[in-house]
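> Below is the structure I would like to discuss, written out as C-alpha cells.
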Amino acid sequence: MEERASYSARAFCQHHRIEITFIRSLQDYGLITAEEADDDLLLSAAQLEALERLVRLHYGLQINLEGIDAIYHLLDRVESLQQEVSYLKARLRFHEEKI
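Residue numbers (our numbering): 1 to 99.
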C-alpha cells in the first residue's frame, strides 16, 4: 500500500496568514479535496500546489470564489480542448504520411 504525504491545512493557513474557512469554502465548491483529521484538514502535495494558486487568485488578484470556480472550469475545458487538438493533429499526420 502506497503512503501519501499529507500536509496540515492549519499550518498552511498560518504560513499564508489566511483563515481555514477559506479552505473549507474551496472544498464546498469542489475546487480542492482534503481529509478530515481531528481539528485539521490534511492536503496532498497536488492539493497543496492547487491551493497555492487559489490563494494567489483570491488574495492576490481579489477574485471571489465564484470567479475562481468559473476560471478553474474554463481552464479544465481549455486543457481538454488542447489534448483533443494534439490527438487530432497526430491522426492527421498519420493519414498524411499514408498519402
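Glycine included, C-beta positions come from ideal geometry on N, C-alpha and C.
Kindly give me the distance between the Cβ atoms of Val55 and His16, rounded to whole angstroms, as I take these residues to be in contact under 8 angstroms.
Here the question's residue 55 lines up with position 55 in the sequence shown. Here the question's residue 16 lines up with position 16 in the sequence shown. That belief holds up - the Cβ atoms of Val55 and His16 are roughly 6 angstroms apart, short of 8 angstroms.
> Can you round the beta-carbon distance between Ile18 and Tyr59 to whole angstroms, since I take them to be within the 8 angstroms contact cut?
As a working mapping, residue 18 is identified with position 18 in the sequence shown. As a working mapping, residue 59 is identified with position 59 in the sequence shown. Contact flag correct, Cβ pair sits at about 7 angstroms.
> Could you compute how far the alpha carbon of Leu31 sits from the alpha carbon of Lys89?
Residue mapping note: residue 31 aligns to position 31 of the sequence shown, counting from 1. Residue mapping note: residue 89 aligns to position 89 of the sequence shown, counting from 1. The alpha-carbon atoms of Leu31 and Lys89 are separated by roughly 31 angstroms.
> If you draw a straight line from the C-alpha of Glu79 to the C-alpha of Ala50, how long is it?
Position 79 of the sequence shown, counting from 1, holds the residue named residue 79. Position 50 of the sequence shown, counting from 1, holds the residue named residue 50. Distance between the alpha carbons of Glu79 and Ala50 is about 15 angstroms.
> With a threshold of 16 other CB atoms inside 10 Å of the CB of Ala11, please say whether the residue is buried or exposed.
Indexing the sequence shown from 1 puts residue 11 at position 11. Answer is exposed; the Cβ neighbour count stays below 16.
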